[in-house]
Structures are given as structure tokens and as C-alpha cells.
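Number of protein chains: 4
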Amino acid sequence: MTIMNVVFDTVRKQLKRTQRLFNKQNSKKNIKTLIGDLISVKGESAALAISQQIIGHIDGMTQDQFEEVFTILLEFDIDTDALSNASKNYKANPSKYNFNKIKEASKPNWETAFERINECPGGTSCLVNLRSNLIALEKNNNNYGRLDASLKNMLTAWFNKGFLVLEEISWSTSAEILEKIIEYEAVHEISSWVELKHRLEPEDRECFAYFHPAMPNEPLIFVEVALMNQVPEKIESILSQGRVRVTKEQSDTAVFYSISNCQVGLSGISFGNFLIKRVASELQTKLPNLKNFVTLSPVPNFRIWLDKHHPDFAETLSNIDVHERQSLLETLNTYSALYFVNSDRDDGLPNDAVARFHLGNGAQLISINQFGDGSQKAWESGAGMMVNYEYILSKVEERHEDYHRENIHSISKEIRHLAKAIN
Amino acid sequence: MTIMNVVFDTVRKQLKRTQRLFNKQNSKKNIKTLIGDLISVKGESAALAISQQIIGHIDGMTQDQFEEVFTILLEFDIDTDALSNASKNYKANPSKYNFNKIKEASKPNWETAFERINECPGGTSCLVNLRSNLIALEKNNNNYGRLDASLKNMLTAWFNKGFLVLEEISWSTSAEILEKIIEYEAVHEISSWVELKHRLEPEDRECFAYFHPAMPNEPLIFVEVALMNQVPEKIESILSQGRVRVTKEQSDTAVFYSISNCQVGLSGISFGNFLIKRVASELQTKLPNLKNFVTLSPVPNFRIWLDKHHPDFAETLSNIDVHERQSLLETLNTYSALYFVNSDRDDGLPNDAVARFHLGNGAQLISINQFGDGSQKAWESGAGMMVNYEYILSKVEERHEDYHRENIHSISKEIRHLAKAIN
Amino acid sequence: MTIMNVVFDTVRKQLKRTQRLFNKQNSKKNIKTLIGDLISVKGESAALAISQQIIGHIDGMTQDQFEEVFTILLEFDIDTDALSNASKNYKANPSKYNFNKIKEASKPNWETAFERINECPGGTSCLVNLRSNLIALEKNNNNYGRLDASLKNMLTAWFNKGFLVLEEISWSTSAEILEKIIEYEAVHEISSWVELKHRLEPEDRECFAYFHPAMPNEPLIFVEVALMNQVPEKIESILSQGRVRVTKEQSDTAVFYSISNCQVGLSGISFGNFLIKRVASELQTKLPNLKNFVTLSPVPNFRIWLDKHHPDFAETLSNIDVHERQSLLETLNTYSALYFVNSDRDDGLPNDAVARFHLGNGAQLISINQFGDGSQKAWESGAGMMVNYEYILSKVEERHEDYHRENIHSISKEIRHLAKAIN
Amino acid sequence: MTIMNVVFDTVRKQLKRTQRLFNKQNSKKNIKTLIGDLISVKGESAALAISQQIIGHIDGMTQDQFEEVFTILLEFDIDTDALSNASKNYKANPSKYNFNKIKEASKPNWETAFERINECPGGTSCLVNLRSNLIALEKNNNNYGRLDASLKNMLTAWFNKGFLVLEEISWSTSAEILEKIIEYEAVHEISSWVELKHRLEPEDRECFAYFHPAMPNEPLIFVEVALMNQVPEKIESILSQGRVRVTKEQSDTAVFYSISNCQVGLSGISFGNFLIKRVASELQTKLPNLKNFVTLSPVPNFRIWLDKHHPDFAETLSNIDVHERQSLLETLNTYSALYFVNSDRDDGLPNDAVARFHLGNGAQLISINQFGDGSQKAWESGAGMMVNYEYILSKVEERHEDYHRENIHSISKEIRHLAKAIN
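Chains A, B, C and D are the protein sequences, given in the same order. With the first letter of the first sequence counted as 1, position 3 gets the number 3 in the working numbering; the numbers rise by one all the way through. If you count the second sequence from 1, you need to add 1000 to reach the working numbering. If you count the third sequence from 1, you need to add 2000 to reach the working numbering. If you count the fourth sequence from 1, you need to add 3000 to reach the working numbering.
Structure follows, in C-alpha cells:
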């Protein structure tokens, strides 16, 4: 893994140099002309030059300008008559020629533009940026839906998992990347460089991120790990400066306590599944004494679910005084068991988004800890609950297949019993 | 560039390690079942495991076995009814949902198999190998045409030019890569390690190859360069041990005297265009005294063209005694001018394959050297002719666009005059 | 240079791993026994193990404990009788055997201890630490002088300049190194990570440090550079956020505005000479438009010199109101010219320590800027003066030889005239 | 370890570049003037320039020219009067000043020349080359002895073991290094690139070399390893193409069958000790199933010893017909046991040079295999005998100390019994 760090450093420097070179080529042409040119140009070098200008334009665009770009792109849609025709011809004669015709006809010309942009230094980042804007604007404009589908499809192919690179994030990592870790941390906020050092440097801390050569300066997803010798119930036992600390050698439990996706523009392209398993096996090799791999996870959708399915109790929660919360322990246990064991969704998947992620990865829900996070934010989303999912490396594949093939959710007997008792 | 050498070394080592790990997973299942499983499986890890077994099967297959594989894959063709339907629906309502339906319907399931194989370590090499067999068998079985078109399409996307890496090939390169240089040299054969050292080590020699991270142990294409202070007319002035040698600093001319494509399975996916320009600009930076970038190239299709268009002279050539050849100098000059200046092809492109390559890249044909290569092989293909194409970096883009947009072939005035004189 | 960054990253990681491994070997033996064992042990592996324990002991020692170590070491002094004998024998017969005897006899056994410590991972750092304590304690204990001389001698040999590695320090540098840049900045203090980013990230900033493989995690010396298109007179024109900024391409002047030695334990072993010339030629290659290489330097010893040689004016300076300082401009010009042009030292070297450094490197003093630094600290040491030294690459070697051979100080005509006028 | 390969590749490239730059500076001065200048010059840059010229001179010198250089250097010998004086003064007053005086006086000025040469790119190689010539000429000229002692002393310090880098040598290693492996193999000759590939590529082969950053293009020592599942008795069972081959996973025994020192100029500076232990622990990590680490070693001094101590039997051996050798089995067993168990040397060390190396490293002699090597060379040196030394990692340190402290030779009971039976 450290080897790949080296590799990535060089890839990063290479990219910066190339981008500097390219950025000199400014352009006065407007974006509409440029997109038209990009799609129609023949020579590869010319395409590269135009792409570079487009990338320059897109960097720093306002929302209105993005809408203009999307509107221009939509003009280059699939010719459905040509496609129907190609389909008919191929049915009659599945020749090489007719196959190619289907491929051409089923590809809107905007995809040609995307492909050409992607071949430039910095092009992939530009497209990821484009898609994050597309996602934001899509809510108000259905037309952008097909553009998003198309771009997601292409990004999925380019972010080939074979090229994902795991990097250890530590106090030796570059300030530039660390700055992004501070920015992207989505679960337990990092408020300063000092706090960041506390998260990375102590011996009982580990942190790993996935990177991709197409976008080497941007972490795609990262996970923060605490080394302990027990399964934690409360987030303070992990984050507090006064916590009990163990040496790497004493620890037997790796706790994944924060997982953050970094790129909105890659939503729906999942890396977390691979990340956790990779990190677990990486840690296992490095620290053979590790026996348990668990999470300490929030329950973000619980209060919303309560609002909908158990409005009375939801009401109670909203009104209770902070000092009285403890009195709700048993009721909370009951409802949370129901929340996790049963599904109220049409697709039968777990009610909780985090549960869908971990159970989908092949983990098991092993315990529910009421009042595990005392923050106001945690109270408002998950009634302060934190739960542990366990990754047993030897069972992860089977559970993963069970989940995806047969919608089986792996939940510990105790929690199932509790839910059954209520039903 | 040297940085990327470092990077590649690590990528290579990484790949070898991973492949070793995966190769342990043997399988008793037959290839038919495996391909079916691969297309239908849900979980990503299962897909990876099956792919690995398929890769193991394919490595070392006989021709019959390849035909079996291709026949199985063809069963997973496009459902044209679904595609026509999807096209109709999208015409009526270009929604995100309908867009995705077109994408699904226009993708034969064999492409799913290819995608999954490509995510494994060693998967890309396996697919390149598959395609080289497909190309060989396609001649006798038209059915394979669509499979080839599909795979070529996918390989083109994966061999993204943004990831091509130029490496200097020298006597410090690994024996494993050098062995392949010996094997793949297609223009002027290298008969031993001693001869290889003569091609790489002297100060007036350079060699560069393109590699791609998807297949880091295999050069895609390489070019051998001689540093001189004149434009050479004969291949002996480059290859002979007794040649006049210049130091790097004295040289003003870089001669590309041998360009070899290495991967049959990537035919039709062009890298040479980029390679020559990249190498020229690399050399320019390294040796600012270089002023001319030329080739010394064979004329492989000349005798075939003569056979067809000037059978009398073709006959003369076939019968002439080796000692009398010199007497044909003027006639050869005439016919070769015609050969290069006019096109006898339907598409109007140059008659000569090598001319199509260099003129298409933006070079100019500047001179024709009769008897430039005294070997029997050169006599039989190009009547012993060698020609020089010149790459002028500041004009290469314009000529490249002219060629591809308007079929303009850049040929020196002298040669044009000669051809005109005859007409 | 970027290549060496890569190299160093790996060296650093390697070192950390090895140190972790070694640190496990704890020891109960006291330091006296350990040092005795280290000097007498035969086997190399045993020596390594003992060294490791000594390194563990030394890390975190108090002043008293250091004194104990030094006292123990002093017991292993040169046997002068043996040395005189060896010298006599060699005079009589300069044989190989007798030569070796001189070498043995002239080497105190404490040097054997130092050598063996130096072969351990982390050993060099330990010895540099040892020497910084030696220097501190030497002031009160003359006995430590010979130990310091011996260790300095050995460190000089080990910090072979052939292995010095120049690294660009930027916002992409690791947080661990950057933290040390904040700590070691000795000229213009860096008060926070935000300020550090201001020093490193803007396009008109550069920073370079020297590292050595023997101590890869510690910068030895670093220089901060401002790109400008004029020779600056005031430090504000460099450090203020509201300064005029130029692009790298517009700049024609590189200003070395802060040079900090980082390792007390390496005092007297000069790296700065090499650093500035290396950085200048590095910048010249990267930015061919750069024409001037100058410093903006403090004048740290001016007030002390005034106190001694011109007590009346020194008195005036001490008493003047901050708002009246401007009125002293001419007198300051006079005295500062005298200060720089004449030497009041026995060795005839420049009065100013910074002048000794830059003139000794082959630079020329080109201008004196009164009130160039408005800070209290600058007022108290150099009466607020800042000066410019210029490095002309083509003259640097000659001036360097002139300085060291003939004590010639390169100072501009204008300043010399000014001083002459007074005399 | 692979990381260090990467590092080394970059160090190598760096060195080549720098050497090219420096080599331009030619010189007309003769070597005598240059050496004088080098010793007297003050400025560091001037010293560097002169050193570079000297290096240029030395590269390609004849024996006579080397003698000239050595004669010049000898003029800069130790001033013994100054040294005696310094010694006396230090005895009277062990001040810092007097310590430095001893250091100066005990250092002949030729060492200053060596130090300065060593700071240049390529300087270390030059000095190693110098010493190999010194060793050759020393036999005929005793005067060179002290020069050799001095240079050896300095090289020992520079080739700090902390910087030794282990590299795996494989078919992926650069042709340039592999060419040197062919050249330096001293035990079982490699006659061609094809044979080299047979030594490196099969799964049951490993090869490792030590490199040092001071001379990164030159292996210092390398060892060839065969993976087997038995302790071999004959060299054919290792080298023959028809041998039984095992996979890496099946093997339980690593056989070090060839160890070659590469640099004559580093004789007496031992790396082999470290190499074997490092390789053994490297292999142990990589292949946890390995249980035995043994050698299959020649017995190079046996026949010479016989000639001296048992001339009758030596005579028999010389005269016996090749087909009758087998009849001597028992007598050979007897004499070889004596040869290994007893010492006929004044220092009491083993009679056999290879035994001194392995037993000194902490190995044990476990078996003697008569007729283990059928070659004529092996018959003439060791009567065709091959022996096995065993490295037991947990005992190696203790045996190493025993050997060096108390001259205890670790030899198996069986062999001791055999020798005792005879005595």
C-alpha cells in the first residue's frame, strides 16, 4: 500500500504540471460554439485543445451558466428513428456493420463530448463537477434526468474498481489532502488542524481513503478507525481526549466510526463496500491481533420513520426535556428493534440508510446503544442512538450475496427476539 | 517521464502480486457454466471470483476452445425487440428511466461479461488476447464480426489516451520488457541480446514505448530512433556497426527508423499518432539542438500495387538480375512518384499503408530513396525503396486536420513535379 | 527534484517501520553498562541491539542524565602514550600495520560508540540530539569541548554533501514536515496554519529545504522565496496580504527573504552555501525569465556593534521616540556603510553574521534599506535596517574563492563610496 | 523491499544525469597538478570541479598511470613530528583545540583528496576502482600498504550498513544489472542470457543482491537461492534442467547455493553476513512454510590443505583415474572431517575460507557430501566435495558471538564424532 502512495504522489505531480501547461491556452469562443466544435472536430489534437478550453470555462461557472451548458448538450440527443432503424436492420442481419450502427445510434452525441473532455488532464474532475451540478438542478428540471443517467453510466465505467487505490491518511499526508479530509468529514465534524492531528496521530487511530488515478487529488471516500479492546457503545469513548488508549499491539477491535463519501458528482457509484473490506484486511495483515471489526454508526432516519409510523411516540420525543430522556430507554429499545428488523419500504430493504449500506456490504447488526451520542444533531436524527455493525471477514461474502439476491438482512438474535416480543 | 517509469515499476509489481493471489482459486466448472454465472451473478465479489476462473481457463486455450467461447458469448446478443421498444418509448418520453432502458437494451449481455473480466487483475490482457483470436477466426466466421466490433469498442474506451505512459527503453530497462522488444520488432529484426544492446546503448540511439496501466507489462507500440546530422537515405547508414556516430550534442536530426505495433488484439486502436509527436517533443526538450524529425520508412505495398496497375514493369522487376537493378533507377523514380502522389483507392487515401500512417499523422513525404534497403525482404515488398517522412512540429496539427477533413496528402514539391511530369 | 521527493517519502516510511520494530526491544540495563558493552562487544548484531537500547535511553533524557552520559563517554579518551608510540613507529617504518596503529590510537573509543549508534535506524538523529545538548553544556564545562569536536568531525563526514536532497516545500508537503517549518522558521515567525498556507500557496511564493537520508524526517535548512519584479526594500512588500502579486511568468526577481537553519546539533556544518546556489539554479531552470537573485536580509549585529564602537549614537538610538526615527536617516546611512565596509574583527571578516554568510557564499551587498522592517525586534537588533545581497550565478564561484582565500568582501561601489566619504 | 527498488531506480537515474552534466568539464591539467590543487583549494565548488576532473582522468587509466597517482598521493603522508607533538599537547591539556590538532595530524592529506572525490557524483565508484588497483599493485610495492589501509578505513565508514539496500534480482531486473550478475557470478558460472533466465525465472528460484546508494549501479554481493523440499547433496539437483521442481508453496527448504562478492575494491569490508540473514528473514516472511535455511557450498581450500598436511593422500588424489574416485569415499570422509573439525592455522580459525565465512556468520556445518560437484574445477579445489551449512535464525546470533569471542566452531555431532574416531 505504501508503494501506491509513492505512485500517487507522482501521478499528482504529473497532473499538476500538465494542467499548468494546458491552462495557458485561453479562448475567446463561447461555450456553445466550443461544444459544437468539440462534437464535430475530426483530429484528436484539435479535440484535445477544444476540450481544454471547455474545462477552463466550466471551472467557476454559475448555476445559470451550468443550465446553459446542459441545455446545449441536450440538443445532441439520441436520434430515435436512426436507432429503431438500426435495431430493425440488426434483427434482419446481425452483421458487424449493423452492430456498429446500433452502437452509434444509441449513443447521444453529448457522450462524444464527455469522452473527449475525459481524455484531457483534469477532464474527469470537470465531469464530476458537472454531474454534481446536474444532480442539484435535476430536481427542478426533469430534462436533465437523461443527461445525468448518461454521465453516471460513463463515470461508472471510468471509475473502474480495478484502479482504486487505498491510501493511509496520517499526519504525514500532504496538507492539501488533509485540508479536504477536514472539509469532507460528514459524520463527526473536525473543527481545526489541532483536532485533525488528534484524529490521525495517536497510536490508537487509523484512517484510510480511496483514490482513483482519474482524479488523484481528490479522496473519493474515507474511513476513520479507532483501535480499542472492546466494542464501544458511546462515541465519547472514541473521540474524547480523556479516553482509555491502547497500543496497536494491545488492541483487538477495529472500530469504523466515521465513513464519508466525498464526491457528490459520483453519487450512486459505490466505493464504500470495497473500502471497508479492503481496510479490514489491510489492518488484519498489519495487526494480526485484531479480532473484531465493528462500526459505531448513527441511525440517521429513525426520527423521520417515527414521525411517519409512530407519530405519538415521535411527539413524545419532540417534547421531552433533555434531563428526562433516560426514562424512555425501554420504549426506545422497542421501537428501534422494530425499526431495524422490519421494513416499511416497498422494496423491502432496511428502513435505515446506514443499515442498507452496512448490511448490503455483508455486515451484521449486533447491538443498539441508546444515548450513544449526546449531541443535539444526533438526537434530532436518530434519538441519540448509535449502533454496531460487525464485519466478520469469513462471512461477509455470503451475507452480501444473501442480501442482494434474497433480501435477507443479517441482524443478531437478540435484536430479532426483542422485535418479535413486541409483534 | 522518468517519474512515470518509477510509477510503472510499482504498478507492475502490484499486478504480479495480485495475480499470484488470484491464480490460486482454481475451478472445475466448465467455461459455459462460468460465462452464464458471470452474467447472472449479483454480488461484486462473486463476479470477481468467477472472472478469475474464466481468465484462468482462457490462458492457454486452443483454437477450438476459443471458438467454443465465442459461440457461447454470441448467445447473449442484443434483444432487438426490447431495443426497438425502448427507442419508441424514449421518442415518446425522453425520461431518465427510458434513457436507461435504451442503454440496457443496446448492450448485449456479453459486454457485461467483458466488463466484469476487465475489473480483475490481468483481465484486460485476457480480453486483448481474446480479441486477437477473434480477429484470426473472424475471417472464416462472419458471426464473430459483431463480437469483434463490440470488444474493439470497449477496448477503445478502456485504453483512454489520457493514461498512456511513455517510457524510455534502454539497456537499463528490465530484461522482461526487452525480451518483448526483441519479439515485437516488426521492421528490422533484432536477432540476439547483443544486437539489442547495439540498438539501445550507443549514444546515438534512443527508443521509446507506450504502455498503459491496464496492461503494464506489455508495450503497446515502440519506436527506435537514430540521432544523426543528416537525413539518411539508406538503412545501412543507421544499422551498420561501422556507421559514422555523433554525440547527442552534435546531432541535429532524429530519425524514426522503426515503429512496431505490439498487440494484435488492439488493431484499429491507434497509438502511433500520439507516440511520434510525444517522442519528438520529448527529444526536443532533452536535446534542444535537434532541428529535424524524419523517418526512414519502408514502402511495403509498392510491388503489390505495381502487380495490379503496371504489370509489365512488375514483371521486369521480378526477372531482373540483382546486379542489373541499378539500371532501373529512373523508371523506379517515375513509378514511385506516381504511387505516392496519386491514389488508386476508392477512398482516395494514399496507396501505401505506411504513407497513410505518417501523412495521417501530419507528416510530409520529403524524399524517395531507391535502393535504400538492400535486403531481399525489402526488394520483394518495396523494390528496395526507403522514403523519408518529415514531422515539422509546428505544422503537424494543420496537416493532420487537412488529411482527415479534406484528404489532402502532404508531399514535397519535387515529388509532385516528378509525378506531374509523367502524367 | 520531484523524483527525489518520491524517494524521500519512501525512505521516510522505511525508517518509521524499522524504528517501530526496534523500539520493542526494551532494556533494564543502565546507560553506563550499555556504553561499556557497546564499545567492547564483538558481534555486529549484538552492537546493533545495544545501540538501540542506548538510543531508547537518550530519547527523553534530562540535562543531568546527559551530563552523566558525557562523563561516561569521556572515560574512553585517546591513549596518548599509545599514540606517541604509534607515531614514532610509523616514522621509523611507514608500514600498513603501523598506519593502522595510528588510526586506532588517534580514535578515542567513544567514537566507536558513536559509529555503532549511527548504524541503527534513528541513530543519526540521536547523535544530532546528543550534540545539541553537548553544545549547550559545553559553555559550563570545558571538558565537553573535545567530545563536541569529535562528534562534529564525525557528523561532518556522515552529512556528505553528495547526499543532500533538495525538496520543494509546498502546500502539498506532509503536515508533519510543515509543522516543523512553522517551528523552525527563525527570521519572520509563522503563527498559524493559515499563515503557513499564505507563505506557501500563492503563485508568487516558493520554498525549498535540504534533507539528508541519514535524518529524512528533519529539514536541515530551508529558504523562503518571493517572486517579484523588483528588488524589494521593505519586508512588508513581501509579507503583506495586500502586496502587489505577480504571476510566475511575469516575475524577473527571486527574493530569498528568510533562511533558517533547523538543527542546533549540526551547528558549524554549513549547508546554506549549497542551498542558495542550488535553489537559484533550480528556479532558473523552472522560470527562465528570472534575472535577479537577491535577498532581503536583516542586520542582526548592528546595534551590538554600535554599542561597542559608537556608544554615543547607540545611546541616541536607544532613546529616540518611535515617531522621530526617520530624522536619523542620514546618520544611519553613514554608520551602516562603515559597519559593512570596514571590519573591526581580528580575523578581518565582516562585522555582520549575515554578511559573513552571504558574502562568504559569493554574493555581493548591493543596497542598504533603512527602516525596511518596522518590527520592534528588527529595531532592537539592526535599527530596522534590511539589506539586499545579490547572487550573480556567473560570479558566485569567483567571489566565493576571493572571500575565502583573500578575505575580499564584495560590496557595491555606492556603499563603498559612502563609507569612504566618511573616512 | 520492493519500495526500495523504486527508490533505487530513481537514485540510479539521478546519478546518471548528474554524471553526464559533470563529464562535460574536461581538463588539460595533468594529474599531479590536479591532486595538489585538490588538497590545497579552499572553496567547496572549486574542490568539486577539480575532483570531477580527477575522476575523468582515473577512468580508463593504465597500470603505470595508477602507479603514478599512488606515488603522488604518498607524498601527502602523515607528519609524524606534528602528530607526536599534538599527542604530547593533548596529554598535557585535553582541550578542544588540542583534540582537533590530533585529528588533523593523524590524517594524511591524501585522505582530504579522497574525501573531496567522494563528494562528487561517481566519486565513490572511482575510489573503489582506485582501491582495486591498489590491492593488485600492493603485492609488489609495500609502500602502497598504508594507502590501502587508509582507503579501506574510509570506505568502511562510507559503506555504512544502515544504508545497504536489499533488492530482489529477477527477470524483471534491468538488463544493465543482469549483465553484471552474469559477469560477477563466481561460484557456478552463467554462460548466456538463456542460462541467466533459467537461474532467475523458474518458480523455485530466488536471487537477492545488496546495493548501496553511494554506488547504486553496482551490486556489492548477491546470493542465488533454490527452493526445495530437502537438503540437497549434489549441485546437479539444483542446476540441472531436469531437476524435480516444487512450487513456492510446496517448498520447505531455502538453499543458498551461490554467493558472490562483486567488488574487489571493497575486499575486507564484509556484507555477506548481513545479506544471508536478511535474505533468510525476507524469505521467511514471504514464504511462511520455509523451515530450513541451508547452503550447498564448495570447499575451495581442501586440496591445498591436503598438499601441505597429508601429501601422500594428496598424491593419490592427483593420480587417480576419474572412474576410480568413488573408491576413495571413506578416506575422503575421514580427511574432510579432520579438515573441518581441527584448525591448522595460527589463529585457530577454520581451515576452509568458506567455513570461516558461514561459521563466522553463525551457521552450523551439518553435512559433508562427497562427489557433490562433478566438475573438474570442483575436483581440483575441493576433491568434488560439497557441504551444507545450516542457518537456524534463532541460534545465529549466539553462534556468531561464540565464534568471534571464543573461536567456537559450530559443527554437527556426526562430523565431530567422525573426526574424533580418527584422532
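We put the CB at the ideal spot given by N, CA and C, even for glycine.
Selected residue, minimal CA-CA separation from D:VAL3299, among D:SER3240, D:GLY3268, D:SER3327 and D:ILE3368: D:ILE3368
Between D:LEU3338 and D:ALA3419, what straight-line distance do the alpha-carbon atoms span, to the nearest angstrom? 5 Å
For D:GLN3230, which residues from the same chain have a beta carbon less than 7 Å from its beta carbon, with the 5 sequence-adjacent residues on both sides left out? THR3253
Note the first and the last residue of the continuous alpha helix (DSSP H) segment covering A:GLN52. 44-58
What do you get for D:GLY3268, buried or exposed, if any count of 16 or more other CB atoms within 10 angstroms of its CB means buried? exposed
Min CB distance A:SER172 to chain C below 8 Å: yes
D:VAL3231 - DSSP class collapsed to helix/strand/coil: coil
Pair every Cβ in the stretch 92-108 of chain A with every Cβ in the stretch 34-42 of chain A, then say whether three or more of these pairs are closer than 8 Å. no
For my contact list, B:ASP1204 and B:LEU1227 are in at a C-beta cut-off of 8 Å; report their separation, rounded to the angstrom. 4 Å
Name the chain A residues whose beta carbon is nearer than 7 Å to that of C:TRP2193? TRP193
Simplified DSSP assignment, three categories, for C:LEU2359: helix
If the criterion is Cβ atoms closer than 8 Å, does the pair D:LEU3283 and D:GLU3233 meet it? no
7 Å Cβ shell around C:ASN2133 - same chain, five flanking residues per side excluded: PHE2066
Counting only beta-carbon separations shorter than 8 Å, does C:SER2095 have a partner in chain D? yes
So, with DSSP's three-state summary, where would you put B:TYR1257? strand
What would DSSP say about B:ASN1351, mapped onto helix, strand or coil? coil
Interface partners of B:SER1237 on chain A, CB under 9 Å: Chain A residues near B:SER1237: none, gap ~32 Å exceeds 9 Å.
Let me know the secondary structure DSSP gives A:ARG416 once reduced to three states. helix
Alpha carbon to alpha carbon, how far is B:GLU1115 from A:ASN93? Give it in angstroms, no decimals. 25 Å
Using DSSP with H/G/I as helix, E/B as strand and the rest coil, what is D:ARG3399? helix
Determine whether the beta carbon atoms of D:LEU3080 and C:LYS2308 lie at a separation below 8 Å. Correcting the residue identity first, residue 3080 of chain D is Thr in this sequence and not Leu. No; because the gap between Cβ atoms is not below 8 Å, this pair is not in contact.
Opening and closing residue of the beta strand (DSSP E) in which A:VAL246 lies: From DSSP, A:VAL246 is part of no beta strand (DSSP E); its letter is neither H nor E.
Let me know the secondary structure DSSP gives C:CYS2207 once reduced to three states. strand
In angstroms with no decimal places, state the Cα-to-Cα distance between A:GLY145 and B:SER1095. 6 Å
Quick check on DSSP: helix, strand or coil for C:TYR2389? strand
According to DSSP, residues forming a beta bridge with B:SER1297: B:VAL1387
Is it the case that the stretch 3257-3268 of chain D contacts the stretch 3326-3340 of chain D, given that we only count it when at least three CB pairs across the two stretches are under 8 Å? no
CA-CA distance, C:LYS2024 and C:GLN2052? The pLDDT assigned to C:LYS2024 is 45, lower than 50, so where the model puts this residue is not dependable; a value taken from the coordinates is nonetheless given after this. So the alpha carbons of these two residues sit roughly 10 Å apart.
Indicate whether B:GLY1374 and B:GLY1384 have their beta-carbon atoms separated by less than 8 Å. yes
Okay, do the stretch 1207-1221 of chain B and the stretch 1270-1280 of chain B touch, 3+ Cβ pairs below 8 Å being the bar? yes
Going by C-alpha distance, which of C:SER2150, C:GLN2250 and C:VAL2322 is nearest C:ASN2292? C:GLN2250
How many whole angstroms separate the CB atoms of C:SER2297 and C:MET2386, which I take to be in contact at a CB cut-off of 8 Å? 7 Å
Please report how far the alpha carbon of C:LEU2137 lies from the alpha carbon of C:CYS2126, in whole angstroms. 17 Å
Residues of the stretch 131-147 of chain A whose Cβ lies closer than 9 Å to any Cβ of chain B, in chain order: GLU138, ASN142, ASN143, TYR144, GLY145, ARG146 and LEU147
Kindly indicate which three-state DSSP category B:ASN1160 falls into: helix, strand or coil? coil
Roughly how many angstroms separate the alpha carbons of B:PRO1208 and A:ARG278, rounded to a whole number? Correcting the residue type first, residue 1208 of chain B is Phe in the shown sequence and not Pro. Near 36 Å, if we compare the C-alpha coordinates of A:ARG278 and B:PHE1208.
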